[in-house]
Every structure is written in structure tokens, then in C-alpha cells.
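Enquirer: Here it is: the structure, laid out below.
Here is the structure:
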């Protein structure tokens with residue numbers, strides 16, 4: 002994301018005292034939640050996994066909120082402006098099926114086995130080598146991504162409000178540090194839910210005023226110059242694949258299957274929200290409840306992007322190929338806020354942007370400290386200590402994570418930003434598709450061996466890296482030329498296939514774990530009652546059936562595709 | 005582990021935001037503000053929507069208290 006361009010364009014908002022007051026109120030509430038949540042933390046499980054006590058609507062909203070960081074917000078409004086309706090694929094095909102799959106198929110094993118993290122599942126299913134690969138890569142990724150989030154936040158604040166970079170980086174990190182050290186995951190999750198509503202409160206008025214200005218949906222249809230951008234298929238611009246048939250295949254398998262299943266089902270920052278739910282039923286419902294707002298939210302993320310490309314003069318110039326104004330597609334939200342929102346609601350919009358950045362950082366930090374405490378410190382460094390010891394380690398890990406993230410943010414700033422961010426994001430996307438392949442084969446094939454676990458993972462990861470290296474234009478090799486997202490679809494798809502093939506091959510010549518060690522971890526060895534949820538008490542009622550809710554959101558998404566696709 | 009009710013926090017924050025925005029919308033909206041938002045008093049309407057949201061959460065929290073049926077034990081802290 003070329004954030005460095007921001008500084009050159011005039012994005013300064015006319016924020017008044019009332020806007021700052023609304024922002025300050027939000028910070029006070031956020032910190033207050035941390036202080037109040039502290040009272041309910043008495044063990045490491047309380048701190049790192051909310052004591053597995055949260056209701057499904059809370060974990061469900063936190064589930065999508067953890068992903069609704071500012072990089073997502075700025076990136077998807079930008080895609081809306083650049084590619085139009087095709088951006089909906091990132092939501093409808095690139096998230097919903099994977100979220101339903103996580104809830105119905107994978108949560109029974111994650112939640113039922115009582116593991117405390119995704120890497121811990123890896124440990125019990127495949128043993129130490131695969132566990133270490135997963136735990137270390139995840140921990141490092143979270144720190145770096147938290148740093149990138151902080152840096153991106155500081156760049157935006159500088160452009161919008163004129164605060165110096167170091168001030169924003171440190172202040173934002175300290176706020177996140179304060180509430181996550183005090184209240185742990187509960188504070189992070191509560192704030193994510195709050196943040197969800199603030200983001201909606203920021204984007205909905207923006208969308209409504211934008212729609213009025215452009216003359217409603219009819220106005221958009223008339224004013225968008227490239228009519229192809231009003232339909233989602235075949236998305237040749239987005240994929241960079243000219244042939245429409247291959248473009249659709251690339252979307253469905255690359256984005257819809259490998260990339261999205263890899264991200265949503267194995268990324269602990271997401272899965273952790275579901276693991277903190279209070280029952281198996283609530284855990285299964287978590288990603289599915291999150292899928293409903295995820296299916297609808299493009300209305301206030303992508304539509305503003307499309308509108309901005311029509312009504313913001315600089316954006317319309319950019320779209321016509323004139324880059325002289327210095328704006329980038331990522332500036333869609335700040336430009337719309339500048340042009341459409343008066344003081345008052347402007348303060349809410351600024352608060353929503355900041356909230357979204359901070360929640361992203363908090364999700365990184367709160368999942369890092371769990372993996373660090375349970376998967377690295379407890380498993381490899383200091384075993385068998387009393388629980389208070391690990392609670393303290395968890396708190397210290399939070400402090401350490403914030404300090405390291407601040408360091409990363411300053412390094413990113415010193416190196417000039419935007420390219421570094423792209424590389425780091427690409428780097429960690431290499432792990433997702435192979436992880437998903439390893440998990441899915443391991444969950445359904447008891448013969449898969451511990452050796453196959455880590456060999457398959459490495460083979461898949463190197464495949465993804467190889468495709469990236471030969472296709473990324475700035476590396477100069479250019480053996481493979483796929484503009485747009487085509488290269489990442491292909492890399493993820495091949496990584497998945499290679500991982501499966503290598504895992505099967507290695508499994509056939511190495512020794513599997515005895516069946517007794519795989520109970521609860523593999524489908525055929527887990528009794529049905531251990532995979533089922535209760536349907537009494539707070540899990541009773543047809544409207545709390547995970548399968549029904551999952552079917553409902555898939556049907557909703559299909560209908561949305563028919564109307565807007 | 006017993007955590008405070010998040011619904012009340014949501015009701016509090018949006019109640020406060022809503023009232024502030026309604027006051028701005030009714031009392032302190034200039035012609036420039038209106039022009040910027042295409043003639044819509046967006047502060048007023050967004051404020052009203054937030055008050056409604058706050059009321060809905062407050063009602064939900066009142067009608068279905070968090071620990072009503074499952075927890076019969078008294079609070080540890082008390």
C-alpha cells in the first residue's frame with residue numbers, strides 16, 4: 002500500500018474541538034474497559050483466552066472486527082475505487098464460505114480438543130517440529146504486522162491531523178498496551194466489538210451522504226465511466242487474467258478456496274476469538290455470526306470507494322490516469338471524510354479510523370502473547386510452573402510485543418514504508434495455504450504422520466515463495482507475468498497442492514502416531530458426541546443451530562451475488 | 005470468570021455520542037455544514053440513529069440480564 006504518497010496530497014481535515022472531544026471520550030471508554038476487565042482476570046486462561054466464557058454474539062463480532070483493521074478498511078475502499086464491484090469477491094467468495102467451514106467443520110476439533118491455540122493443535126496432531134515452525138512463524142508475523150499497523154496509523158494521523166509520526170506511534174501503542182495488559186483478551190475482544198459499531202457509525206453516514214450526492218444507485222450507474230466495473234464477474238481486472246473463464250476459475254479456487262480458507266481457518270488471531278467462546282455451540286457459531294455482517298459490510302466499504310471515484314475530483318483524475326494531484330487509491334476514506342462530513346460526525350469518523358487501527362494492533366498483540374506464553378515459553382523454556390507464573394509471563398509478553406511493534410514501526414518509517422509493508426504481508430501469506438492443507442489432511446486422514454506434518458508445511462511454503470520470487474516485477478526475474486492478484490492466487494494454489502502431495506507421499510513411507518494419541522484431533526477417531534454441541538440452556542433454540550445459521554448466510558450471499566453480481 | 009455486561013458500555017458510548025450529535029445538529033449547524041453534506045443534517049440523523057442503537061442495547065441488557073439463569077452463586081468480590 003503506497004502510504005508514503007499520502008503526505009504529498011492535501012488530506013488535512015478540518016477537525017474542531019468537538020471532534021477531538023468525541024475522540025477523547027472513545028479513548029476513555031477503551032481504557033475503562035481495560036480497567037474493568039482486569040477484575041475478572043485471575044488465571045492465565047482468563048487473561049489469554051477470556052476463561053472461555055464469552056457469548057457468541059460478542060466473539061462473533063470480535064471475529065470480524067479483528068480482521069477489520071485499517072489496512073483492510075483503507076485497502077478495500079481503495080479496491081472499490083480502482084476495480085469497482087469486483088471487490089465484493091474479497092468478502093462474498095473470499096470470506097463467507099471459509100468462515101462457515103471453520104465454524105461447522107473445524108471448530109469441533111479446535112474447541113473440542115481443548116487446545117489453547119492453533120499451534121497447540123499442531124503440537125498434539127503432529128509433534129514438535131511442525132509446532133515450532135507454526136508457533137515461531139506466527140509469533141514473528143504478529144509482531145511485524147502490529148508494527149506495520151502502527152506505522153500505517155501514524156502516517157494517516159499525520160496526513161489527517163498533522164501529528165508527528167513518533168507521537169502517534171507511541172501513543173497508540175501505549176493505549177493498546179494499557180488495556181491489553183490490564184484486561185487481556187477480554188479487554189481486546191470487548192473493544193473489538195465496540196470498534197465494530199464505531200466503524201459502522203463512521204462509514205454509514207459517509208455512504209449515505211455520498212449516495213445522496215451522487216444521485217443514488219441510479220446516479221452511480223450513470224456516472225461510472227467503465228460499465229464493466231458495475232458487475233462483479235468475471236473480474237479480469239482484479240485477477241490480472243485476461244481470459245474470463247480462467248479469471249473466474251482463479252477467483253473461485255485461488256481466492257475463494259486456498260487463500261481464504263488458509264487465512265480464516267488457521268490464523269490464530271481469528272480462531273482465538275472463537276476459542277474464547279463459552280460453549281461448543283457458541284464456538285461453532287462465532288465465525289458464522291461474524292459472517293452475516295461480513296456479507297453486508299461491503300455496502301459501506303466498497304460503495305464509498307465507487308462513489309469517491311466519481312465525486313472526488315482528485316480521485317476521478319487518478320482514475321483517468323492523471324497522477325498529478327498526488328492522491329492514491331488508499332486515500333479514498335480521508336478524501337470522502339474531508340469533502341462530505343461536517344464537524345461532529347467528522348469526529349466519529351476519525352474515531353472509527355483510529356479505532357480500527359488500534360483493534361488491529363490489539364488483535365496481533367493478544368494472539369501473540371497467547372502463542373508466546375503457552376506454545377513457546379511453557380512448552381520449550383519453563384515447564385510445570387504454577388499458573389500465576391504464566392499469567393505474569395503473559396502480561397510481560399504483552400509489554401514486550403508492544404515495544405517490539407513500536408521498534409518495527411520506526412524501522413518501517415526509516416526505510417520509507419510502503420514497499421516494506423507489501424513484502425512483509427506477502428511473506429506471511431506464504432504460510433497460510435500450506436497450513437490449511439496440512440490441517441485439513443491431518444484432520445481427516447489419521448495415517449498422516451508427524452514427519453509429513455512439517456515436511457509438507459515447508460514444501461508448500463517454499464513453493465509459494467518460489468512463485469512470488471519469479472512473478473514479483475520488482476525482483477526483476479519476471480519468468481511469470483501476472484498483474485493484479487493472479488500471481489498470489491497461483492502461488493497459494495500450487496502451495497496447497499504441493500503440500501498435499503508431499504504430505505501424502507511422506508506419510509506412506511513414515512510411521513504414523515498410534516490411534517490413541519489422535520482422539521479428538523482426527524475425524525474418524527473422535528466420537529460423535531465429542532464433536533457435537535449441547536442444545537440445552539443457553540444453547541437451546543432452533544435459531545442457535547450452527548448448521549442453520551451457516552446455511553442462512555450462504556443463502557444470503559448467493560442472493561446478494563444474484564442482485565449485485 | 006464473570007465479566008461486566010458489554011451491552012451497557014455500548015449503550016453508554018452511543019447514548020453519549022448520539023445526544024452530542026443531536027445537540028450539534030439542532031443547535032450548531034451552519035449553512036456550510038449543510039452544504040458539505042448535500043443539504044442533509046447528517047449530525048442530527050446520525051445522532052438519532054445512535055440514540056436508537058443505545059436504547060436497543062440498554063433494553064436488551066435489561067430484559068435479558070447476563071447471568072440471569074445460569075449463575076446462582078453470589079459474586080466473589082462481594
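Chains as they are written, first to last, in our numbering: chain Z, 2 to 566; chain L, 5 to 82. We put the CB at the ideal spot given by N, CA and C, even for glycine. Note that this is a predicted model, so its numbers are computed, not measured.
From the DSSP output, in three-state form, read off residue 55/Z for me.
Expert: Residue mapping note: residue 55/Z aligns to position 54 of the first chain, counting from 1. Reduced to three states, the DSSP call for residue 55/Z is strand.
Enquirer: I want to verify the contact list: residues of chain Z whose CB lies under 9 Å from the CB of residue 59/L, in sequence order.
Expert: Counted from its first residue, the second chain places residue 59/L at position 55. Near residue 59/L there are no residues of chain Z at all, since even the closest Cβ is about 14 Å away, more than 9 Å.
Enquirer: Can you give me the Cβ contacts of residue 72/L inside the same chain, cut-off strictly under 6 Å, excluding the 5 residues immediately before and after it?
Expert: Taking the first residue of the second chain as position 1, residue 72/L is located at position 68. Low local confidence applies: a pLDDT of 48 at residue 72/L is under 50, so the model's placement there is unreliable, with the coordinate-based value given in what follows. Cβ neighbours of residue 72/L beyond the five flanking positions: none.
Enquirer: Would the beta-carbon of residue 114/Z fall within 8 Å of that of residue 521/Z?
Expert: Locating residue 114/Z in the first chain gives position 113, where the first residue counts as 1. Locating residue 521/Z in the first chain gives position 520, where the first residue counts as 1. For residue 114/Z and residue 521/Z, yes; Cβs fall inside 8 Å.
Enquirer: Going by beta-carbon coordinates alone, are residue 49/Z and residue 185/Z separated by less than 8 Å?
Expert: Your numbering for residue 49/Z matches position 48 in the first chain. Your numbering for residue 185/Z matches position 184 in the first chain. Against a cut-off of 8 Å, the Cβ pair of residue 185/Z and residue 49/Z comes out as a contact.
Enquirer: Compute the Euclidean distance between the alpha carbons of residue 29/Z and residue 22/Z, then round it to the nearest angstrom.
Expert: Taking the first chain and counting its residues from 1, the one referred to as residue 29/Z is at position 28. Taking the first chain and counting its residues from 1, the one referred to as residue 22/Z is at position 21. Approximately 11 Å, taken between the alpha carbons.
Enquirer: Can the beta-carbon of residue 309/Z be found closer than 8 Å to that of residue 82/Z?
Expert: Here the question's residue 309/Z lines up with position 308 in the first chain. Here the question's residue 82/Z lines up with position 81 in the first chain. Cβ atoms of residue 309/Z and residue 82/Z: closer than 8 Å.
Enquirer: In angstroms with no decimal places, state the Cα-to-Cα distance between residue 162/Z and residue 74/Z.
Expert: Residue mapping note: residue 162/Z aligns to position 161 of the first chain, counting from 1. Residue mapping note: residue 74/Z aligns to position 73 of the first chain, counting from 1. Each residue's Cα considered, the two are about 19 Å apart.
Enquirer: Mind listing the chain Z neighbours of residue 30/L? Cutoff is C-beta to C-beta under 9 Å, in chain order.
Expert: Mapped onto the second chain, residue 30/L falls at position 26. In chain order: nothing, as chain Z lies at least about 11 Å away.
Enquirer: In chain order, what residues of the segment 25-50 of chain Z put their CB closer than 9 Å to some CB of chain L?
Expert: 26, 27, 30, 33, 34, 37, 38, 40, 41, 42, 43, 44, 46, 47
Enquirer: Under 7 Å from any heavy atom of the ligand HEM, does the C-beta of residue 536/Z make it?
Expert: The model on display carries no ligand, and the ligand HEM is accordingly not part of it.
Enquirer: Could you tell me the alpha carbon to alpha carbon distance between residue 408/Z and residue 257/Z, rounded to whole angstroms?
Expert: Numbered from its first residue, the first chain carries residue 408/Z at position 407. Numbered from its first residue, the first chain carries residue 257/Z at position 256. Their backbone Cα atoms lie some 35 Å apart in a straight line.
Enquirer: Kindly indicate which residue of 523/Z, 380/Z, 329/Z has the alpha-carbon position closest to the one of residue 12/Z.
Expert: As a working note, residue 12/Z is residue 11 in the first chain. Residue 329/Z is the option with its Cα nearest to residue 12/Z.
Enquirer: Beta carbons nearer than 7 Å to chain L: which residues of the segment 193-222 of chain Z have them?
Expert: 194, 195, 198, 202, 206, 210, 213, 214
Enquirer: Pull out every residue of the segment 291-309 of chain Z whose Cβ sits closer than 7 Å to any Cβ of chain L, in chain order.
Expert: none
Enquirer: So if DSSP puts residue 278/Z in a beta bridge, which residue, or which two residues, is it bridged to?
Expert: To locate residue 278/Z, count along the first chain from 1; it is residue 277. Answer is 55/Z, bridged to residue 278/Z.
Enquirer: Closer than 8 Å between beta carbons: that is the criterion. Which residues of the segment 316-333 of chain Z meet it against chain C?
Expert: No chain C appears in the structure shown, which is made up of the protein chains Z and L.
Enquirer: Tell me the DSSP secondary structure of residue 414/Z in three-state form.
Expert: For this step, residue 414/Z is matched to residue 413 along the first chain. Residue 414/Z falls in the helix class under three-state DSSP.
Enquirer: State buried or exposed for residue 35/Z, treating a residue as buried only when at least 16 other CB atoms are found within 10 Å of its CB.
Expert: Counting from one through the first chain, the residue named residue 35/Z turns up at place 34. The C-beta of residue 35/Z has 16 or more other C-beta atoms within 10 Å across all chains shown, which makes the residue buried.
Enquirer: Run the CB neighbour count on residue 223/Z, radius 10 Å, all protein chains shown included, and call it buried at 16 or more, exposed below.
Expert: Working through the first chain from its first residue, we reach residue 223/Z at position 222. The Cβ neighbour count for residue 223/Z, taken over all protein chains shown within 10 Å, is under 16; the residue is labelled exposed.
Enquirer: For the pair the segment 49-58 of chain Z and the segment 279-286 of chain Z, tell me if three or more CB-CB distances fall below 8 Å.
Expert: yes
Enquirer: Check the Cβ-Cβ distances between residue 112/Z and every residue of chain L, and say whether any is below 8 Å.
Expert: Taking the first chain and counting its residues from 1, one reaches residue 112/Z at position 111. Taking CB atoms only, residue 112/Z has no neighbour in chain L less than 8 Å away.
Enquirer: Locate the alpha helix (DSSP H) running through residue 129/Z, then write down its first and last residues.
Expert: On the first chain, position 128 is the one that residue 129/Z refers to. Boundaries of the alpha helix (DSSP H) around residue 129/Z: 129-162.
Enquirer: By a C-beta neighbour count over all protein chains shown, 10 Å radius and 16 as the cutoff for buried, is residue 354/Z buried or exposed?
Expert: For the purposes of this step, residue 354/Z is taken as the residue at position 353 of the first chain. Answer is buried; the Cβ neighbour count reaches 16.
Enquirer: Are there 16 or more other CB atoms within 10 angstroms of the CB of residue 416/Z, so buried, or fewer, so exposed?
Expert: The residue labelled residue 416/Z in the question sits at position 415 within the first chain. By the neighbour-count rule (16 or more Cβ atoms within 10 Å), residue 416/Z is not buried but exposed.
Enquirer: Might you give, ordered along the chain, the residues of its own chain that have their beta carbon closer than 7 Å to the beta carbon of residue 254/Z, omitting 5 neighbours on each side?
Expert: Here residue 254/Z corresponds to residue number 253 of the first chain, with the count starting at 1. Answer for residue 254/Z: 494, listed in chain order.
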